[in-house]
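Colleague: With our numbering, letter number 1 in the sequence shown gets 1, and the count goes up by one each step, no holes.
Using N, Cα and C, we set each Cβ at its ideal position, and we do this for glycine too.
Everything numeric in this text was worked out from a predicted model, so none of it was measured.
Dropping the structure in here first, questions after.
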Amino acid sequence: MSAASAYFQVRQIPVLLGGDPEALKEWAAGRETGRMLGYAAVIFAGAGLYGAAMGYWRSPLQAGYNLLKFPLVILATA
């Protein structure tokens with residue numbers, strides 16, 4: 001992979017979903033810091049929104065607490 005394609009791009013999604021073993025092996029071998037930070041940001045945002053939605057049934061304060069707590073739990077146990 002070139003440095004320009006190291007970061008997550010939308011056009012990588014079909015490759016990931018296609019399941020081609022060689023393409024996936026090459027993709028997984030690269031551990032560029034920028035790409036990993038991008039993945040962590042997506043996980044943090046998605047898990048935060050999920051946590052906020054689950055906490056909102058109790059109160060807005062609980063939603064805010066879960067907005068921060070749930071992504072940290074996900075990333076700490078990964």
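Classify G55 as buried or exposed, calling it buried when 16 or more other Cβ atoms lie within 10 Å of its own Cβ.
Modeller: Within the sequence shown, residue 55 is the residue found at index 55, counting from 1. When all chains shown are included, G55 counts as buried.
Colleague: I'd like to know whether the C-beta atoms of A41 and I74 end up nearer to each other than 7 Å.
Modeller: For this step, residue 41 is matched to residue 41 along the sequence shown. For this step, residue 74 is matched to residue 74 along the sequence shown. No, Cβ-Cβ distance for A41 and I74 is not below 7 Å.
Colleague: Label L67 either buried or exposed according to how many other C-beta atoms from any shown protein chain fall within 10 Å of its C-beta, with 16 as the threshold for buried.
Modeller: Taking the first residue of the sequence shown as 1, we reach residue 67 at position 67. Counting Cβ neighbours within 10 Å, L67 comes out buried, since at least 16 surround it.
Colleague: Is the beta carbon of V10 less than 7 Å from the beta carbon of A23?
Modeller: Looking up residue 10 in the sequence shown gives position 10. Looking up residue 23 in the sequence shown gives position 23. No, these two residues do not count as a Cβ contact at 7 Å.
Colleague: Do A52 and A45 have their C-beta atoms within less than 7 Å of each other?
Modeller: In the sequence shown, the residue the question calls residue 52 occupies position 52. In the sequence shown, the residue the question calls residue 45 occupies position 45. In this structure, A45 does not lie closer than 7 Å to A52 by Cβ.
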